[in-house]
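Residue numbers (this note's numbering), protein chains in the order written: chain E, 96 to 654; chain Z, 10 to 98.
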Amino acid sequence: YSIYGGVHKWDHNDITYRILNYSPDMDSKLIDDAFARALRVWSDVTPLTFTRLLQGEADIMISFGTGDHGDAFPFDGKRGLLAHAFRPGVGILGDAHFDDDEYWTLGKGNVVKTYAGNAGGAICHFPFTFGAKSYTTCITEGVNNSIPWCATTADYDKDKKYGACPTELLFTFDGNANGARCVYPFIFHGRMYKSCTTDGRIDGKRWCATTSNYDTDKRFGFCPKRDTAVIGGNSEGDACHFPFVFQGKEYHSCTSEGRTDGKLWCGTTDSYDRDQKFGFCPNDGYSLFLVAAHEFGHSLGLDHSNIREALMFPLHSYVEDLSLDQDDIDGIQYLYGNKTGLSPTLNATKKPNLTRSSVVTVSPTVDPTKDPCKIHKFDTITVIQRHLHFFKDGQFWKVSNKTDVGRTGPFSISQSWPALPAVIDSAFEDVQTKRIYFFSGNRFWVYTGSSVLGPHSIEKLGLPPSVQKVEGALYRGKSKVFLFSGENFWRFNLKTQMIDKGYPKYTEASFGGVPNDAHDVFQHKGNIYFCRDLFYWRLNSGRQVDHTGNVKYDLLKCP
Amino acid sequence: WSRPVKSVFVTFPGNIVKNMADVELAQSYLKKFGYMVTEQRSGFKSKVSIAKALKMMQRQMGLKETGELDKPTLNAMKRPRCGVPDVAN
Numbered sequence: 096y097s098i099y100g101g102v103h104k105w106d107h108n109d110i111t112y113r114i115l116n117y118s119p120d121m122d123s124k125l126i127d128d129a130f131a132r133a134l135r136v137w138s139d140v141t142p143l144t145f146t147r148l149l150q151g152e153a154d155i156m157i158s159f160g161t162g163d164h165g166d167a168f169p170f171d172g173k174r175g176l177l178a179h180a181f182r183p184g185v186g187i188l189g190d191a192h193f194d195d196d197e198y199w200t201l202g203k204g205n206v207v208k209t210y211a212g213n214a215g216g217a218i219c220h221f222p223f224t225f226g227a228k229s230y231t232t233c234i235t236e237g238v239n240n241s242i243p244w245c246a247t248t249a250d251y252d253k254d255k256k257y258g259a260c261p262t263e264l265l266f267t268f269d270g271n272a273n274g275a276r277c278v279y280p281f282i283f284h285g286r287m288y289k290s291c292t293t294d295g296r297i298d299g300k301r302w303c304a305t306t307s308n309y310d311t312d313k314r315f316g317f318c319p320k321r322d323t324a325v326i327g328g329n330s331e332g333d334a335c336h337f338p339f340v341f342q343g344k345e346y347h348s349c350t351s352e353g354r355t356d357g358k359l360w361c362g363t364t365d366s367y368d369r370d371q372k373f374g375f376c377p378n379d380g381y382s383l384f385l386v387a388a389h390e391f392g393h394s395l396g397l398d399h400s401n402i403r404e405a406l407m408f409p410l411h412s413y414v415e416d417l418s419l420d421q422d423d424i425d426g427i428q429y430l431y432g433n434k435t436g437l438s439p440t441l442n443a444t445k446k447p448n449l450t451r452s453s454v455v456t457v458s459p460t461v462d463p464t465k466d467p468c469k470i471h472k473f474d475t476i477t478v479i480q481r482h483l484h485f486f487k488d489g490q491f492w493k494v495s496n497k498t499d500v501g502r503t504g505p506f507s508i509s510q511s512w513p514a515l516p517a518v519i520d521s522a523f524e525d526v527q528t529k530r531i532y533f534f535s536g537n538r539f540w541v542y543t544g545s546s547v548l549g550p551h552s553i554e555k556l557g558l559p560p561s562v563q564k565v566e567g568a569l570y571r572g573k574s575k576v577f578l579f580s581g582e583n584f585w586r587f588n589l590k591t592q593m594i595d596k597g598y599p600k601y602t603e604a605s606f607g608g609v610p611n612d613a614h615d616v617f618q619h620k621g622n623i624y625f626c627r628d629l630f631y632w633r634l635n636s637g638r639q640v641d642h643t644g645n646v647k648y649d650l651l652k653c654p
Numbered sequence: 010w011s012r013p014v015k016s017v018f019v020t021f022p023g024n025i026v027k028n029m030a031d032v033e034l035a036q037s038y039l040k041k042f043g044y045m046v047t048e049q050r051s052g053f054k055s056k057v058s059i060a061k062a063l064k065m066m067q068r069q070m071g072l073k074e075t076g077e078l079d080k081p082t083l084n085a086m087k088r089p090r091c092g093v094p095d096v097a098n
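Structure representation (structure tokens):
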């Protein structure tokens, strides 16, 4: 998993959200439900709670928009970009936007909520049989008021359960008419209309007047999208007209004839040849629930994962039953802890056991000829037992993390850790277990007090054979360590003793502004240091380079 | 037996024939999602070569890291996705 540079998370667990508007593709109650379920995906594995606000500023403001919708990241019409969201923070940060040029469903085609009838507002069941014939859309057969209807079970003839489908003949939404139905015909700019229209609007929304004369009454509402409405083409929102004539031939259903891309289309008037009006037939659409669950991951502080199965993978694919990948769970729990509220990495209260030394104490072997201030490049620099350690050719020097005054050394590596070679490429201390990991070439050793395991091949950790040495190690939280080599880094899981899925990553992609040939990486006083020769780049807790300096003068305290 | 019908393909109104070359599409994608130019936190911009940007993108998408605009890479670029850049800025 990835989180945004530094840690961007909400500083409270009771998150609020507000739905600013709706897509005409689905009933508002279904949209409400999809968003609530998408948030529950995350609250199920964290101590987070989500409360919906109906007014005012919420942490996560949710809206549908098209094209340039007011932020710096315009949508791109159908397909392509589906949605985006911003990391936690104030203002636009935390908000989630959904591209209303997409066809929003629950991933399996039309989701049509019924009104009136005797099914209590249930969803249409497609296909359903009526009079021994099967239907996959709302129909007007069997009624005399032109209001489309559907069965809410598979067999109307047997169950007799039905409801009316959304139609402007029943209601409109938004506008200024309190949901009143369309009145046909109506007058707009002196012209008579017998159906919903997009005339007079630049956003392409279909509307109608709710009195017989818009010019005098100014009352209007937006038309609900009919389940048979076409998508795109040049008649968005209109229904297919069956039969329609194309190239002189009559069609009674959607066809891919005439197209090279295989997309199903239909005419929206009785003759395509005459009117050239067409649209694409409704498809499965994109699951609002799945896309929202992904976007809310961003709203909570997760960046894209490179695990294909993870919800936070950037490409969309439909899954019937969503269950979070362990990668998603690890990521969100890194930020907020688990359901019980225990954070595995942040706000850790367990302190290193300072009474038990894992370093064999030896007396400094004072060698005046070995002046660390004359060294041009250290083999590695790391923090062990709260002391910065500077390793070079079989010796090391220490500078206290706490007092920051003076240095001690040189000490002999062979006296402190007899199994190690003279040149150490990298080292880190597991502060939980007090184990110290040393890397040299393609081998590593693990010291616990004075006992040692190794050498082992670094391939045993899951590093590829192409890695010749580990050049830096960055302890992250309780059980993760980043291991750096070349321009890549891997995340090593101390619990499983293996490299996590999804690695390597490019160092420069995650740690901007540092040299990609750094040979020492370590954490010191809450900052991350990348060193090249005697120069260092310091990253603050927001992973921003806030200082560059000299190892000798700033860290080693050379005069 | 029915005779195979010879299809006639027509240009539908409003259909914009996107003649964007694959390379153009790739460049646009790599830029949009942060692979092409990494604006670094120190305030400096570092330009990344297309091959390297492609490798980064291929790694992110779990594709073979060829550094070339091969078919699987192009297909991945054409899939519907989240608009948040993959390489954080």
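No residue lacks a Cβ here, since even glycine has one placed at the ideal position from N, Cα and C.
Note that this is a predicted model, so its numbers are computed, not measured.
Reference Asp322/E, options His347/E, Asn273/E and Asn378/E, closest by Cα: Nearest option by C-alpha distance: Asn378/E.
When the Cα of Leu39/Z is compared with those of Asp31/Z, Ala62/Z and Ala30/Z, which residue comes out closest? In terms of CA proximity to Leu39/Z, Ala62/Z leads the group Asp31/Z, Ala62/Z and Ala30/Z.
Would Thr599/E pass as an interface residue toward chain Z - the criterion being a Cβ-Cβ separation below 9 Å? Note on residue identity: the sequence assigns Pro, not Thr, to residue 599/E. For Pro599/E, a Cβ of chain Z is located within less than 9 Å of the residue's own Cβ.
Quick check on Ala405/E: buried or exposed, where buried means 16 or more other Cβ atoms within 10 Å of its Cβ? Classification of Ala405/E: buried, given that the 10 Å Cβ count is 16 or more.
Out of curiosity, what's the CA-to-CA distance linking Gly76/Z and Arg586/E? Straight-line measurement puts the Cα of Arg586/E at about 23 Å from the Cα of Gly76/Z.
The region 562 to 577 of chain E: positions lying closer than 9 Å to chain Z by Cβ: So the list is empty, because no residue satisfies the distance condition.
What residue range does the alpha helix (DSSP H) around Met65/Z cover? It spans Ile59 to Gln69 - the alpha helix (DSSP H) in which Met65/Z sits, taken as one unbroken run.
Nonlocal neighbours in the same chain, by C-beta distance under 8 Å from Val457/E, ignoring five residues either side: Residue confidence for Val457/E is low, a pLDDT of 34 falling below 50, so the modelled location carries little weight and cannot support an answer.
So Lys208/E and Gly216/E are supposed to be a Cβ contact under 8 Å. How far apart are they, rounded? Correct: roughly 6 Å between the Cβ atoms.
Identify whether Lys80/Z lies in helix, strand or coil by the three-state DSSP scheme. Note: Lys80/Z maps to helix in three-state DSSP.
Per-residue contacts from Leu410/E into chain Z (C-beta, under 9 Å): By Cβ distance, chain Z contributes Met70, Ala85, Arg88, Pro89, Arg90 and Cys91.
Interface residues of chain E around Met65/Z at Cβ under 8 Å? The contacting residues are Tyr601 and Ala604.
In angstroms with no decimal places, state the Cα-to-Cα distance between His614/E and Arg68/Z. Taking the straight line joining both Cα atoms gives about 23 Å.
Name the chain Z residues that come within less than 9 Å of Tyr381/E, Cβ to Cβ? The answer, in chain order, is Pro89.
State the Cα-Cα distance for the pair Cys361/E and Pro261/E, rounded to the nearest angstrom. Cα to Cα, the separation comes out at about 21 Å.
Excluding the five sequence neighbours on either side, which residues of its own chain have a C-beta within less than 7 Å of the C-beta of Ala388/E, listed in chain order? Excluding positions up to five away in sequence, the list reads Ala133, Val136, Leu406 and Leu417.
Between the region 387 to 399 of chain E and chain Z, which residues of the former have CB atoms less than 8 Å from a CB of the latter, in chain order? Listed in sequence order: His389, Glu390, His393, Asp398 and His399.
Determine, for Asp128/E, whether the minimum Cβ-Cβ distance to residues of chain Z falls below 9 Å. Interface residue (Cβ-Cβ distance to chain Z less than 9 Å): Asp128/E is not classified as such.
Three-way DSSP call (helix, strand, coil) for Arg276/E in this model: In the structure shown, Arg276/E sits in coil (DSSP, three-state: anything other than H, G, I, E or B).
Terminal residues of the alpha helix (DSSP H) in which Ile126/E lies: Where Ile126/E is concerned, the enclosing alpha helix (DSSP H) starts and stops at Ser123 to Ser138.
Buried or exposed by the 16-neighbour rule on C-beta atoms within 10 Å, applied to Leu320/E: Sequence check: residue 320/E is Lys here, not Leu. Taking all protein chains in view, the Cβ of Lys320/E is crowded by 16 or more other Cβ atoms within 10 Å, so the residue is classified as buried.
Gly226/E and Asp196/E: beta carbons closer than 9 Å? Cβ atoms of Gly226/E and Asp196/E: not closer than 9 Å.
Taking the alpha-carbon of Phe485/E as reference, which of Ile155/E, Ile126/E, Phe617/E and Asp163/E has the nearest alpha-carbon? Selected option, being the one with the closest Cα: Phe617/E.
Identify each residue in the region 158 to 182 of chain E for which the Cβ-Cβ distance to at least one residue of chain Z is less than 8 Å, and report them in chain order. Within the region 158 to 182 of chain E, the residues whose Cβ lies closer than 8 Å to some Cβ of chain Z are Phe168, Phe170, Arg174, Gly175, Leu176, Leu177, Ala178, His179 and Ala180, listed in chain order.
The beta strand (DSSP E) with Ala246/E in it runs from where to where? Trp244 to Ala246 is the span of the beta strand (DSSP E), which, as asked, contains Ala246/E.
Relative to the C-alpha of Gly597/E, which residue among Phe473/E, Pro654/E, Asp423/E and Phe533/E is closest? Ranked by Cα distance from Gly597/E, the first of Phe473/E, Pro654/E, Asp423/E and Phe533/E is Asp423/E.
Taking 7 Å as the limit between beta carbons, can you name the residues of its chain near Phe384/E, skipping five residues before and five after? Only Ala129, Arg132, Ala133 and Leu201 meet the Cβ criterion.
Just checking: is the beta-carbon of Asp194/E within a distance shorter than 9 Å of some beta-carbon in chain Z? Yes, its Cβ sits closer than 9 Å to a Cβ of chain Z.
Terminal residues of the beta strand (DSSP E) in which Glu345/E lies: Where Glu345/E is concerned, the enclosing beta strand (DSSP E) stretches over Lys344 to Tyr346.
Are the Cβ atoms of Phe159/E and Phe193/E separated by less than 9 Å? Their beta carbons are under 9 Å apart, which means Phe159/E touches Phe193/E by this criterion.
Would you kindly work out how many angstroms separate the C-alpha atoms of Ile114/E and Phe341/E, rounded to a whole number? Between Ile114/E and Phe341/E, the C-alpha separation is close to 43 Å.
Since Pro627/E meets chain Z, which of its residues come closer than 9 Å, beta carbon to beta carbon? Strictly speaking, residue 627/E in this sequence is Arg, with Pro absent from that position. Neighbours of Arg627/E across chain Z, judged by C-beta separation under 9 Å, do not exist; the nearest C-beta is about 14 Å away.
For Ala30/Z, count neighbouring C-beta atoms within 10 Å of its own C-beta (all shown protein chains included) and say buried if the count is 16 or more, exposed if not. Flag for Ala30/Z reads exposed.
By a C-beta neighbour count over all protein chains shown, 10 Å radius and 16 as the cutoff for buried, is Lys37/Z buried or exposed? For the sequence presented, residue 37/Z should be read as Ser rather than Lys. The C-beta of Ser37/Z has fewer than 16 other C-beta atoms within 10 Å across all chains shown, which makes the residue exposed.
Spatial neighbours of Met287/E within its chain, please: C-beta separation below 6 Å, excluding the five flanking residues on both sides. Only Pro280 meet the Cβ criterion.
Is there at least one Cβ from chain Z nearer than 9 Å to Arg369/E's Cβ? Not one chain Z Cβ lies under 9 Å of Arg369/E.
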